[in-house]
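Asks: I have a structure I would like to understand better, so I am pasting it below and will then ask my questions one at a time.
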Amino acid sequence: MSQFKYVLLWTDAALYLLVIAVLVYVWRVRRTPTLRATWQRVLHDRAAMCSAIIMLVFVTIGLLDSVHYRPALPPAPGAPTNTPVAWSPVTKSLLDAVLERTTPAAERTWSAPLAYRQLLKETEIIDGEPVRDFPRLVHGGAHLDDPESQWTRDVLTRASLGLLAGVAVAVLLVLVIAAILAARWRLGFATALHDIFAGVTKVPWRAMLITIALLCIVMGVVGALATGYHVLGTDRTGNDVLVQALKSVRTALVIGSLTTIAMLPFALGFGLAAGYFKGWIDDVIQYIYTTLTAIPGILLIAAAVLMLQVYIDARPELFVTSAQRADVRLFMLCVILGFTGWAGLCRLLRAEALKLRELEFVQAARAFGVGHTRIILRHLLPNVMHIVLITSVLEFSSLVLFEAVLSYLGVGVDPSMNSYGSMIDMARTEMARDPMVWWNLLAAFVFMLAIVLSANLFADAVRDAFDPRAAVLTRVSRLRRLVRGKAGGKV
Amino acid sequence: MIAYIVRRLLYGVLILIGVNIFTFLLFFAVNTPDDMARLAIGGRRVSADAIEQWKIQHGYDKPLFLNAEAEGTRKFTDTIFYERSVPLLKLDFGLSDAGRDISYEISQRIGPSLALAIPTFVLGLWASITFSLLLVYFRATWLDFWGVVVCVVMLSISALFYIIAGQYLFSKLLRLAPYSGFSEGLDMIRFLALPVLVALLAKLGPEARFYRTLFLEEAGKDYVRTARAKGLPERIVLFRHVFRNALLPILTSTVAVIPLLFMGSLIAESFFGIPGLGSYTIDAINAQDFSIVRAMVFLGSVLYIIGLLLTDISYTLADPRVRLE
Numbered sequence: 001m002s003q004f005k006y007v008l009l010w011t012d013a014a015l016y017l018l019v020i021a022v023l024v025y026v027w028r029v030r031r032t033p034t035l036r037a038t039w040q041r042v043l044h045d046r047a048a049m050c051s052a053i054i055m056l057v058f059v060t061i062g063l064l065d066s067v068h069y070r071p072a073l074p075p076a077p078g079a080p081t082n083t084p085v086a087w088s089p090v091t092k093s094l095l096d097a098v099l100e101r102t103t104p105a106a107e108r109t110w111s112a113p114l115a116y117r118q119l120l121k122e123t124e125i126i127d128g129e130p131v132r133d134f135p136r137l138v139h140g141g142a143h144l145d146d147p148e149s150q151w152t153r154d155v156l157t158r159a160s161l162g163l164l165a166g167v168a169v170a171v172l173l174v175l176v177i178a179a180i181l182a183a184r185w186r187l188g189f190a191t192a193l194h195d196i197f198a199g200v201t202k203v204p205w206r207a208m209l210i211t212i213a214l215l216c217i218v219m220g221v222v223g224a225l226a227t228g229y230h231v232l233g234t235d236r237t238g239n240d241v242l243v244q245a246l247k248s249v250r251t252a253l254v255i256g257s258l259t260t261i262a263m264l265p266f267a268l269g270f271g272l273a274a275g276y277f278k279g280w281i282d283d284v285i286q287y288i289y290t291t292l293t294a295i296p297g298i299l300l301i302a303a304a305v306l307m308l309q310v311y312i313d314a315r316p317e318l319f320v321t322s323a324q325r326a327d328v329r330l331f332m333l334c335v336i337l338g339f340t341g342w343a344g345l346c347r348l349l350r351a352e353a354l355k356l357r358e359l360e361f362v363q364a365a366r367a368f369g370v371g372h373t374r375i376i377l378r379h380l381l382p383n384v385m386h387i388v389l390i391t392s393v394l395e396f397s398s399l400v401l402f403e404a405v406l407s408y409l410g411v412g413v414d415p416s417m418n419s420y421g422s423m424i425d426m427a428r429t430e431m432a433r434d435p436m437v438w439w440n441l442l443a444a445f446v447f448m449l450a451i452v453l454s455a456n457l458f459a460d461a462v463r464d465a466f467d468p469r470a471a472v473l474t475r476v477s478r479l480r481r482l483v484r485g486k487a488g489g490k491v
Numbered sequence: 001m002i003a004y005i006v007r008r009l010l011y012g013v014l015i016l017i018g019v020n021i022f023t024f025l026l027f028f029a030v031n032t033p034d035d036m037a038r039l040a041i042g043g044r045r046v047s048a049d050a051i052e053q054w055k056i057q058h059g060y061d062k063p064l065f066l067n068a069e070a071e072g073t074r075k076f077t078d079t080i081f082y083e084r085s086v087p088l089l090k091l092d093f094g095l096s097d098a099g100r101d102i103s104y105e106i107s108q109r110i111g112p113s114l115a116l117a118i119p120t121f122v123l124g125l126w127a128s129i130t131f132s133l134l135l136v137y138f139r140a141t142w143l144d145f146w147g148v149v150v151c152v153v154m155l156s157i158s159a160l161f162y163i164i165a166g167q168y169l170f171s172k173l174l175r176l177a178p179y180s181g182f183s184e185g186l187d188m189i190r191f192l193a194l195p196v197l198v199a200l201l202a203k204l205g206p207e208a209r210f211y212r213t214l215f216l217e218e219a220g221k222d223y224v225r226t227a228r229a230k231g232l233p234e235r236i237v238l239f240r241h242v243f244r245n246a247l248l249p250i251l252t253s254t255v256a257v258i259p260l261l262f263m264g265s266l267i268a269e270s271f272f273g274i275p276g277l278g279s280y281t282i283d284a285i286n287a288q289d290f291s292i293v294r295a296m297v298f299l300g301s302v303l304y305i306i307g308l309l310l311t312d313i314s315y316t317l318a319d320p321r322v323r324l325e
């Protein structure tokens with residue numbers, strides 16, 4: 001009898017499919033010389049590769065958080081042995097299991113980072129007398145007998161132990177990577193190490209290894225402190241802020257990646273059809289997307305999300321657990337964002353298809369009597385894929401930022417789901433408190449900046465590699481998409 | 001020219017009809033008026049009588065598209081679609097679900113919205129262009145490099161953080177400006193200074209980087225090389241030649257945004273408590289008042305179409321080589 005029941009949520013399945021698609025793409029890139037040459041330009045970009053490593057860490061966190069299960073409840077006392085196992089109504093993920101080991105207990109309310117006492121005074125009964133004081137935390141610093149004198153030393157010891165562990169892991173990783181590289185380059189280990197640290201390798205290994213080392217050290221220190229304290233404090237309901245920030249990573253990744261996937265069918269289908277067939281098909285498709293862009297984006301999304309909420313509320317029997325309900329809402333939010341956002345990409349693809357259809361190879365295919373579907377699939381689609389790739393990496397960071405705004409407006413993810421938007425929303429009122437609660441906002445700020453900044457730097461490198469001439473043009477068309485409609489083709 | 005404008009206007013009306021049908025489907029076909037009534041009254045176990053009552057009160061008790069019981073043209077006019085959609089085309093927004101006149105509310109709130117949006121737009125454009133010109137003037141130096149780095153970092157920060165940080169710094173620590181609120185007359189400046197400053201900072205990163213690439217593209221052209229070759233100092237090349245020519249695409253692309261200024265800013269208005277159209281919209285979303293949301297969607301589409309038209313016209317005015325057919 002198993003102890004866990006595996007749960008496959010909608011967004012999990014979509015994320016797995018996405019990972020498989022990325023792996024297939026990597027395999028294709030390795031086999032295609034032209035694609036490999038283009039990607040090599042990204043590989044040689046220092047900022048892009050350092051950001052890629054940071055993104056990889058976030059993706060790992062997000063994927064760990066995407067394996068969900070429901071643990072079995074202990075059998076009820078006195079129940080006969082053959083009763084079926086009852087599954088916990090709480091859906092957990094692998095990340096929860098990892099985090100639970102380090103930060104087990106939730107507090108009652110706010111506490112500052114690394115604190116051992118609560119932020120607010122409470123009345124406690126000590127020796128039969130009511131005492132008004134800041135109560136000790138359940139988890140933070142609970143191992144200290146006399147926190148006032150021991151706290152500084154304890155924090156420093158833990159931090160330096162964590163630092164040492166981080167440095168050790170970093171050195172080990174650097175040596176392992178250097179050994180692998182030495183083997184691949186067919187060089188001696190010492191020569192390889194020298195090349196890496198002289199910074200003469202084409203792929204910027206020195207910068208990448210420094211990034212890895214810094215990440216190891218930060219994770220070491222934070223992890224060591226987390227064994228005894230709430231590193232980033234706790235929020236109003238006593239939940240660890242660091243845990244929430246880590247859980248929010250998945251939400252951000254899902255919104256940033258799945259939305260682009262959701263807009264692809266519309267954008268590719270309509271864009272290529274409009275550009276290839278021209279004539280009345282083009283007119284109809286242009287009319288559709290001009291209508292869609294005429295509607296103010298946020299209002300359209302808000303309306304769609306409200307409608308979705310009404311739909312979900314009216315049919316509670318469809319969703320067994322609250323996690324499932326929140327997940328369906330997240331999934332549908334991606335679909336809605338994709339549905340409202342495909343016009344820009346569609347316009348780019350239409351323009352490209354208009355250009356491509358006049359080229360010799362397409363004309364030749366038509367002269368040979370190849371069918372329309374086949375021409376679009378075999379000759380147009382592969383030649384617009386770079387636009388799709390550039391748009392999806394460029395969109396990623398703006399979508400992560402957009403999620404925060406939507407959640408703040410109350411039309412974002414489900415309130416029970418962790419996201420940076422809801423963290424900011426909560427932090428907004430807390431900043432005005434006295435004593436001020438700043439750690440919620442700080443956590444959201446640091447994590448969002450790390451994700452968005454690394455995504456931006458990586459996206460810039462991808463854009464420059466795939467479209468060096470259009471490093472300017474992509475920005476122009478993005479702005480145009482925001483502000484202009486059909487007139488684009490006129491000038 | 002006139003024929004072109006008339007044709008574009010007709011196309012705009014066609015798009016408005018499309019917007020109208022689309023939002024109607026979104027609001028009424030996905031969920032029945034019964035669902036809306038249940039949501040408005042609250043709770044899942046609402047009696048059928050209460051739902052009927054609510055629908056009659058708000059005029060949702062008719063068939064959606066076709067009234068089979070009515071006679072003649074009344075078959076089409078005595079429906080929710082006709083009563084809710086056709087007046088919108090005449091810019092008659094009707095009553096909100098809470099029973100207030102939407103047109104009156106809009107006329108009351110458009111002033112505060114513009115008081116915030118216009119200074120933000122003008123000063124924001126000025127600041128972004130100035131900053132990007134500075135970067136272009138010092139191009140290929142460390143100042144340019146770090147300027148771009150600052151831009152990238154600034155555009156990676158959510159607009160919400162700028163607002164929260166601004167309120168904390170200027171209102172709580174320095175006590176220079178009030179947290180939020182609004183008042184008429186000269187006092188308005190005190191309330192608007194902070195929101196404008198914050199919006200300006202939030203826009204600076206992406207816009208300055210974008211304008212910098214525009215200026216650099218222009219600076220690589222042949223006539224610029226000629227100007228330099230005939231011995232003009234860099235300052236004059238930049239301001240008299242590059243700046244003027246690069247300004248054209250910038251100005252023509254911002255023309256389209258001007259009508260949308262009337263819609264106000266959703267986030268800034270709700271954070272700073274400015275009673276404009278943005279906060280009106282947010283209140284409507286939170287109160288789930290579909291009539292107001294639909295009215296605002298329609299207003300936004302009208303303004304967008306006006307923006308499209310203005311863009312087309314501004315192209316011919318700015319560049320006589322462009323002919324509209």
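Here the protein sequences come in this chain order: A and B. Under my numbering, the first residue of the first sequence carries the number 1, and numbering increases by one thereafter. Under my numbering, the first residue of the second sequence carries the number 1, and numbering increases by one thereafter. All residues carry an ideal CB built from backbone N, CA and C; glycine is no exception.
Please determine, among B:Ala115, B:Ala229, B:Phe215, B:Gly99, the residue with the shortest C-alpha to C-alpha distance to Leu133 of chain B.
Replies: The shortest C-alpha separation from Leu133 of chain B is found at B:Phe215.
Asks: Within the 8 Å Cβ cut-off, does Ala199 of chain B reach chain A?
Replies: False, the Cβ-Cβ gap to chain A never drops below 8 Å.
Asks: Starting from Lys92 of chain A, follow its DSSP beta bridges and name the residues at the other end.
Replies: Lys92 of chain A pairs with A:Tyr69.
Asks: Could you run through the stretch 163–191 of chain B and flag, in chain order, every residue whose CB is less than 7 Å away from some CB of chain A?
Replies: Within the stretch 163–191 of chain B, the residues whose Cβ lies closer than 7 Å to some Cβ of chain A are Ile164, Tyr168, listed in chain order.
Asks: Could you confirm whether any beta carbon from chain A is found closer than 8 Å to the beta carbon of Phe145 of chain B?
Replies: Judged by the 8 Å Cβ criterion, Phe145 of chain B is not in contact with chain A.
Asks: For Trp110 of chain A, name the three-state secondary structure that DSSP assigns.
Replies: Looking at Trp110 of chain A - three-state DSSP - the assignment turns out to be coil, as it is neither helix nor strand.
Asks: Are the CB atoms of Cys334 of chain A and Phe266 of chain A nearer to each other than 8 Å?
Replies: Contact: no.
Asks: Would you give the residue range spanned by the beta strand (DSSP E) that Ile126 of chain A belongs to?
Replies: That run of the beta strand (DSSP E) goes 122–126.
Asks: As a quick exercise: from A:Leu187, A:Met55, A:Tyr420, A:Leu23, pick the residue whose alpha carbon is nearest that of Leu248 of chain A.
Replies: In the sequence on display, residue 248 of chain A carries Ser and not Leu. Ranking A:Leu187, A:Met55, A:Tyr420, A:Leu23 by Cα distance to Ser248 of chain A puts A:Tyr420 first.
Asks: Can you list, in chain order, the residues of its chain with a C-beta nearer than 7 Å to that of Leu43 of chain A? Leave out the 5 residues immediately preceding and following it.
Replies: The residues are Met49, Val203.
Asks: Against chain B, which members of the stretch 419–446 of chain A pass a CB distance test of less than 9 Å?
Replies: Under the 9 Å Cβ criterion, the stretch 419–446 of chain A contributes Tyr420, Gly421, Ile424, Asp425, Ala427, Arg428, Met431, Ala432, Met436, Trp438, Leu441, Ala444, Phe445.
Asks: Ile493 of chain A CB to nearest chain B CB: under 8 Å?
Replies: Look at the range of chain A in this structure, 1 to 491, and you will see that residue 493 of chain A is not part of it.
Asks: Name the chain B residues whose beta carbon is nearer than 9 Å to that of Met448 of chain A?
Replies: Result: Ser156, Ile157, Ser158, Phe161.
Asks: Looking at the C-beta of Ile102 of chain B, does it have a partner C-beta in chain A at a distance below 8 Å?
Replies: No, Ile102 of chain B does not count as interfacial toward chain A.
Asks: Have a look at A:Ala115, A:Leu337, A:Ala182, A:Glu395 and flag the residue whose alpha-carbon is nearest the alpha-carbon of Arg463 of chain A.
Replies: The option with the nearest alpha carbon to Arg463 of chain A is A:Glu395.
Asks: Pick out whichever of A:Thr321, A:Leu94, A:Ser397, A:Asp45 has its Cα sitting closest to the Cα of Ile255 of chain A.
Replies: Here the closest residue by C-alpha is A:Ser397.
Asks: Return the residue from the list B:Ile267, B:Thr213, B:Glu217, B:Pro233 that minimises the CA-CA distance to Val196 of chain B.
Replies: Closest option to Val196 of chain B, Cα to Cα, is B:Ile267.
Asks: Quick check: is the beta carbon of Met1 of chain B nearer than 8 Å to any beta carbon in chain A?
Replies: By this cut-off, Met1 of chain B is not an interface position.
Asks: Compare the C-beta of Asn245 of chain B with all C-beta atoms of chain A and state if any pair is closer than 8 Å.
Replies: Not closer than 8 Å to any Cβ of chain A, the Cβ of Asn245 of chain B fails to qualify, so no.
Asks: With three or more C-beta pairs closer than 8 Å as the rule, is the stretch 9–21 of chain A touching the stretch 323–332 of chain A?
Replies: Yes, they touch.
Asks: Within this structure, are the beta carbons of Met417 of chain A and Thr234 of chain A separated by less than 8 Å?
Replies: Taking 8 Å as the Cβ cut-off, Met417 of chain A and Thr234 of chain A do not qualify as a contacting pair.
Asks: In whole angstroms, give me the CA-to-CA distance for Leu181 of chain A and Ala207 of chain A.
Replies: Computed Cα separation, rounded: 15 Å.
Asks: Counting only Cβ pairs nearer than 8 Å, list the residues of chain B close to Pro415 of chain A.
Replies: Neighbours of Pro415 of chain A on chain B: none; closest Cβ ~13 Å, over 8 Å.
Asks: For the stretch 253–283 of chain B, which residues have a CB atom closer than 9 Å to at least one CB atom of chain A, in sequence order?
Replies: If the cut-off is 9 Å between Cβ atoms, the stretch 253–283 of chain B has Ser253, Thr254, Val255, Ala256, Val257, Leu260, Met263, Leu266, Ile267, Ser270, Phe271, Thr281, Ile282 near chain A.
Asks: Let me know if Glu403 of chain A comes out buried or exposed under the rule of 16 or more other beta-carbons within 10 Å of its beta-carbon.
Replies: Buried, since its Cβ has 16 or more Cβ neighbours within 10 Å.
Asks: So with CB distances below 7 Å, who are the chain A contacts of Asp35 of chain B?
Replies: Neighbours of Asp35 of chain B on chain A, chain order: Val310, Ala314.
Asks: Name the residue from A:Ile61, A:Pro74, A:Ala76, A:Arg70 whose alpha carbon lies nearest to the alpha carbon of Val90 of chain A.
Replies: Checked all of A:Ile61, A:Pro74, A:Ala76, A:Arg70; the closest Cα to Val90 of chain A is A:Arg70.
Asks: Answer with buried or exposed for Pro320 of chain B, where buried requires no fewer than 16 other C-beta atoms within 10 angstroms of its C-beta.
Replies: Exposed is the call here.
Asks: Going by DSSP, which residues form a beta bridge with Asp101 of chain B?
Replies: Looking at the DSSP assignment, Asp101 of chain B forms a beta bridge with B:Leu95.
Asks: Please report the residue range of the beta strand (DSSP E) in which Arg132 of chain A lies.
Replies: Looking at the DSSP string, the run of the beta strand (DSSP E) that includes Arg132 of chain A is 129–133.
Asks: Just checking my contact of Leu26 of chain B with Ala303 of chain A at CB under 8 Å: how many whole Å lie between their CB atoms?
Replies: Yes, they are in contact, since the Cβ atoms of Leu26 of chain B and Ala303 of chain A sit about 6 Å apart, within 8 Å.
Asks: Whose C-beta lies closer than 7 Å to the C-beta of Ser85 of chain B among residues of the same chain, with five residues either side of it excluded?
Replies: So the qualifying residues of the chain are Asn20, Phe24.
Asks: So that I know if they touch, is there some Cβ in chain A lying closer than 8 Å to that of Tyr327 of chain B?
Replies: Residue 327 of chain B cannot be examined here, being either before or after the span of chain B that is shown, 1 to 325.
Asks: Find the nearest neighbour of Trp185 of chain A within the set A:Thr201, A:Phe197, A:Val171, A:Val174, judged by alpha-carbon distance.
Replies: That would be A:Thr201, whose Cα lies nearest to the Cα of Trp185 of chain A.
Asks: Rounded to whole angstroms, what is the Cα-Cα separation between Phe243 of chain B and Asp467 of chain A?
Replies: One C-alpha to the other measures close to 26 Å.
Asks: Give me the Cα-Cα distance between Ile451 of chain A and Trp54 of chain B, rounded to the nearest whole angstrom.
Replies: Near 47 Å, if we compare the C-alpha coordinates of Trp54 of chain B and Ile451 of chain A.
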